[in-house]
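> Starting off with a structure, shown below.
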Amino acid sequence: MTAVRHTATVAAVTLGVVLLLGPLSAFAQDYDMGFTLPTAGKSGCMVCHGDQNLIRSRGSGFVSLWVDPVVLDASAHSTIMCTGCHTDFAYNAPHVKGTSTQDWRANAKLACKNCHRTQFAAVSRGAHSIAGAPGQSAPATRSAASTRSVSATGSATTTRTAAGTATASAETSPSNADTAEIPLCGDCHGAHAIQYCDVVSWSETSDTVRLEAAKRGRAALRRQGYEVCGRCHTAWWASYDDWYHGKAYKAGGAPDAPACWQCHGAHEILPSTNRRSTVNETGLSETCGQCHQHQVPNERYLSYVGAIHGRVEAQASNPIVEVVDAVGDLFRGFLEPIGALFG
Numbered sequence: 001m002t003a004v005r006h007t008a009t010v011a012a013v014t015l016g017v018v019l020l021l022g023p024l025s026a027f028a029q030d031y032d033m034g035f036t037l038p039t040a041g042k043s044g045c046m047v048c049h050g051d052q053n054l055i056r057s058r059g060s061g062f063v064s065l066w067v068d069p070v071v072l073d074a075s076a077h078s079t080i081m082c083t084g085c086h087t088d089f090a091y092n093a094p095h096v097k098g099t100s101t102q103d104w105r106a107n108a109k110l111a112c113k114n115c116h117r118t119q120f121a122a123v124s125r126g127a128h129s130i131a132g133a134p135g136q137s138a139p140a141t142r143s144a145a146s147t148r149s150v151s152a153t154g155s156a157t158t159t160r161t162a163a164g165t166a167t168a169s170a171e172t173s174p175s176n177a178d179t180a181e182i183p184l185c186g187d188c189h190g191a192h193a194i195q196y197c198d199v200v201s202w203s204e205t206s207d208t209v210r211l212e213a214a215k216r217g218r219a220a221l222r223r224q225g226y227e228v229c230g231r232c233h234t235a236w237w238a239s240y241d242d243w244y245h246g247k248a249y250k251a252g253g254a255p256d257a258p259a260c261w262q263c264h265g266a267h268e269i270l271p272s273t274n275r276r277s278t279v280n281e282t283g284l285s286e287t288c289g290q291c292h293q294h295q296v297p298n299e300r301y302l303s304y305v306g307a308i309h310g311r312v313e314a315q316a317s318n319p320i321v322e323v324v325d326a327v328g329d330l331f332r333g334f335l336e337p338i339g340a341l342f343g
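Residues in the sequence shown are numbered from 1 upward in steps of one, following our numbering.
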């Protein structure tokens, strides 16, 4: 009797495991969806992707495929069809056409060039060019944008095998290293939560709603220096620590402290050794003059610019610098509470 009960128990447990894992195994497999979207617009996609429970198996876990409609509707792309960015969409799960467009994230990030041609051309001329080197024409397809990595010094190598896995949004995370994959548009700008930022263009129109949204978007983006730049350029982010620029920016209390791109440029970013670079010694008067309105010779800026990313080295070579910094910290600790009292 004991043996029978034991055998029956094993059989029951085995059957239970099969019944439990069977549906999960089927769920994890690709399958034909067998339907057409109810509309050609965004609402059709949101029939599925508006469900917070929509997930897909990945490795040993699951990834959410939910798109927050509130976030999407508040973005600069709220009126754009999903397929305007997801150009490789197909009516099957997981929405892949053939075998050559598996990297749907990279495809979406590269689709930006279809509308933002000027910005994409500028990126293609810079150190973040997906072509392989600054100044070369960027490829038109995702598969061609897959063979480059770049170091913090701007030197390029051909070690990359897949395009676009880093982003500033929560959807994917960039490599936290100074040798990282070349960023695509979405790696810096995000995906579904992209905000209006072009204050200049909207200020030339009568659309005050969009203008105010652009101001908010630009202010929000300005605070994301680490997410946009620092998560890849970790060494440069850590060394951005001088009193008037890096410390003030990272502390968040100085609205005039520059974000990375205010000095280095946004799209056509070039190594400092390139004479067209915004941080090349020949153009510092123009770059620094954006904030420091008084015009002074480049030599004057050169006397300080080395400390922006080299404060620690400056302290090591000149103890007086450390004393000056200590005095500055002392005054800051004394003045900030007083400033808080008077608003």
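From the three backbone atoms N, C-alpha and C, an ideal C-beta is built for every residue, glycine too.
The alpha helix (DSSP H) with residue 231 in it runs from where to where?
Here residue 231 corresponds to residue number 231 of the sequence shown, with the count starting at 1. Careful: residue 231 lies outside any alpha helix (DSSP H) and carries neither H nor E.
> Can you give me the start and stop residues for the alpha helix (DSSP H) that residue 64 sits inside?
On the sequence shown, position 64 is the one that residue 64 refers to. Where residue 64 is concerned, there is no enclosing alpha helix (DSSP H), although the beta strand (DSSP E) it sits in stretches over 61 to 64.
> Can you tell me whether residue 160 is helix, strand or coil according to DSSP?
In the sequence shown, residue 160 corresponds to position 160, counting from 1. Only weak support is given to the placement of residue 160: the predicted model assigns it a pLDDT of 27, under 50, and the value that follows is read from those uncertain coordinates. The answer is coil: DSSP assigns residue 160 none of H, G, I, E or B.
> In three-state terms, what does DSSP make of residue 206?
Stepping through the sequence shown from its first residue, residue 206 is reached at position 206. Correct three-state label for residue 206: coil.
> Please name the residue in 73, 56 and 266 whose C-alpha comes closest to that of residue 66.
Against the sequence shown, residue 66 aligns to sequence position 66. For the residues 73, 56 and 266, the minimum Cα distance to residue 66 belongs to 56.
> Just how far apart, CA to CA, sit residue 122 and residue 202?
Here residue 122 refers to the residue found at position 122 when the sequence shown is read from its first residue. Here residue 202 refers to the residue found at position 202 when the sequence shown is read from its first residue. About 21 Å.
> For the beta strand (DSSP E) containing residue 57, list its first residue and its last residue.
Taking the sequence shown and counting its residues from 1, one reaches residue 57 at position 57. From DSSP, the beta strand (DSSP E) with residue 57 extends over 55 to 58.
> Answer yes if the region 236 to 250 comes into contact with the region 209 to 220, meaning at least three C-beta pairs across the two stretches below 8 Å, and no otherwise.
Too few Cβ pairs lie closer than 8 Å, so no.
> I'd like the list of long-range same chain contacts for residue 239, defined as Cβ closer than 6 Å, with 5 residues on each side in sequence excluded.
One-based indexing of the sequence shown puts residue 239 at position 239. Here the set comprises 309.
> As an exercise, report each continuous alpha helix (DSSP H) stretch of at least 4 residues that is fully enclosed by the region 254 to 314, in chain order.
Fully enclosed alpha helix (DSSP H) runs of 4 or longer: 260 to 264, 284 to 288 and 298 to 308.
> Could you name the residues of the same chain whose beta carbon sits closer than 7 Å to that of residue 226, not counting the 5 residues immediately before and after it, in chain order?
In the sequence shown, the residue the question calls residue 226 occupies position 226. Cβ neighbours of residue 226 beyond the five flanking positions: 237.
> Can you give me the Cβ contacts of residue 27 inside the same chain, cut-off strictly under 8 Å, excluding the 5 residues immediately before and after it?
Residue numbering aside, residue 27 sits at position 27 when the sequence shown is read from its first letter. At residue 27 the pLDDT is 47, less than 50, meaning the model places this residue with poor confidence; the figure from the coordinates comes in the next sentence. Taken in chain order, the residues that qualify are 57.
> Give the DSSP-derived three-state secondary structure of residue 106 in the structure shown.
As a first step, residue 106 is located in the sequence shown; it is residue number 106 there, counting from the start. Note: residue 106 maps to helix in three-state DSSP.
> Distance check for residue 78 and residue 282, CA to CA, integer angstroms please.
Sequence index remark: in the sequence shown, residue 282 carries index 282 (1-based). Sequence index remark: in the sequence shown, residue 78 carries index 78 (1-based). Distance between the alpha carbons of residue 282 and residue 78: 42 Å.
> Could you tell me how far apart the beta carbons of residue 218 and residue 199 are, in whole angstroms, since I believe they sit closer than 8 Å?
Counting from one through the sequence shown, the residue named residue 218 turns up at place 218. Counting from one through the sequence shown, the residue named residue 199 turns up at place 199. At roughly 6 Å, the Cβ-Cβ gap stays under 8 Å, so residue 218 and residue 199 are in contact.
> So, are the CB atoms of residue 76 and residue 184 less than 8 Å apart?
In the sequence shown, counting from the first residue as 1, residue 76 sits at position 76. In the sequence shown, counting from the first residue as 1, residue 184 sits at position 184. Not closer than 8 Å, so no.
> Exposed or buried, residue 386, counting other C-beta atoms within 10 Å across all chains shown (16 or more means buried)?
Residue 386 cannot be examined here, being either before or after the span of the chain that is shown, 1 to 343.
> Could you tell me whether any non-hydrogen atom of the ligand ATP is closer than 7 Å to the CB of residue 188?
The ligand ATP is not among the ligands present in this structure, which contains no ligands whatsoever.
> Is it right to say residue 158 is buried, meaning 16 or more other beta carbons lie within 10 angstroms of its own, or is it exposed?
Here residue 158 is taken as the residue at index 158 of the sequence shown, counted from 1. With a pLDDT of 28 at residue 158, under the threshold of 50, the predicted position of this residue should be treated as unreliable, though the coordinate-derived value follows. The residue in question, residue 158, is exposed, as its Cβ has fewer than 16 Cβ neighbours within 10 Å.
> Please tell me whether residue 229 and residue 260 are closer than 8 Å, where the distance is taken between their beta carbons.
Translated into the one-based positions of the sequence shown, residue 229 becomes position 229. Translated into the one-based positions of the sequence shown, residue 260 becomes position 260. In contact: residue 229 and residue 260 (Cβ atoms closer than 8 Å).
> Alpha carbon to alpha carbon, what distance is there between residue 111 and residue 54?
Here the question's residue 54 lines up with position 54 in the sequence shown. Here the question's residue 111 lines up with position 111 in the sequence shown. Whole-angstrom Cα-Cα distance: 25 Å.
> Do residue 258 and residue 291 have their C-beta atoms within less than 8 Å of each other?
Taking the sequence shown and counting its residues from 1, the one referred to as residue 258 is at position 258. Taking the sequence shown and counting its residues from 1, the one referred to as residue 291 is at position 291. Result yes, Cβ atoms of residue 258 and residue 291 sit closer than 8 Å.
> Looking only at its own chain, which residues have a Cβ that is under 7 Å from the Cβ of residue 197, when we skip the five neighbours before and after it?
In the sequence shown, counting from the first residue as 1, residue 197 sits at position 197. Counting only Cβ-Cβ distances below 7 Å, and skipping sequence neighbours, we find 214, 217, 218 and 221.
> Which of the three DSSP states is assigned to residue 125 in this structure?
Taking the sequence shown and counting its residues from 1, the one referred to as residue 125 is at position 125. The answer is coil: DSSP assigns residue 125 none of H, G, I, E or B.
> Distance, Cα to Cα, residue 188 vs residue 262?
For the purposes of this step, residue 188 is identified with residue 188 of the sequence shown, where counting begins at 1. For the purposes of this step, residue 262 is identified with residue 262 of the sequence shown, where counting begins at 1. Each residue's Cα considered, the two are about 15 Å apart.
> State the DSSP-derived secondary structure class of residue 197, mapped to helix, strand or coil.
Taking the first residue of the sequence shown as position 1, residue 197 is located at position 197. Correct three-state label for residue 197: coil.
> With a threshold of 16 other CB atoms inside 10 Å of the CB of residue 273, please say whether the residue is buried or exposed.
In the sequence shown, counting from the first residue as 1, residue 273 sits at position 273. Exposed, since its Cβ has fewer than 16 Cβ neighbours within 10 Å.
> Ignore the nearest five residues each way along the sequence and tell me which others in residue 344's own chain have a CB closer than 7 Å to its CB.
Nothing about residue 344 can be reported from this structure: the residues present for the chain run from 1 to 343 only.
> Mapping the DSSP letters down to three states, classify residue 90 as helix, strand or coil.
For the purposes of this step, residue 90 is taken as residue 90 along the sequence shown, with counting starting at 1. Reduced to three states, the DSSP call for residue 90 is coil.
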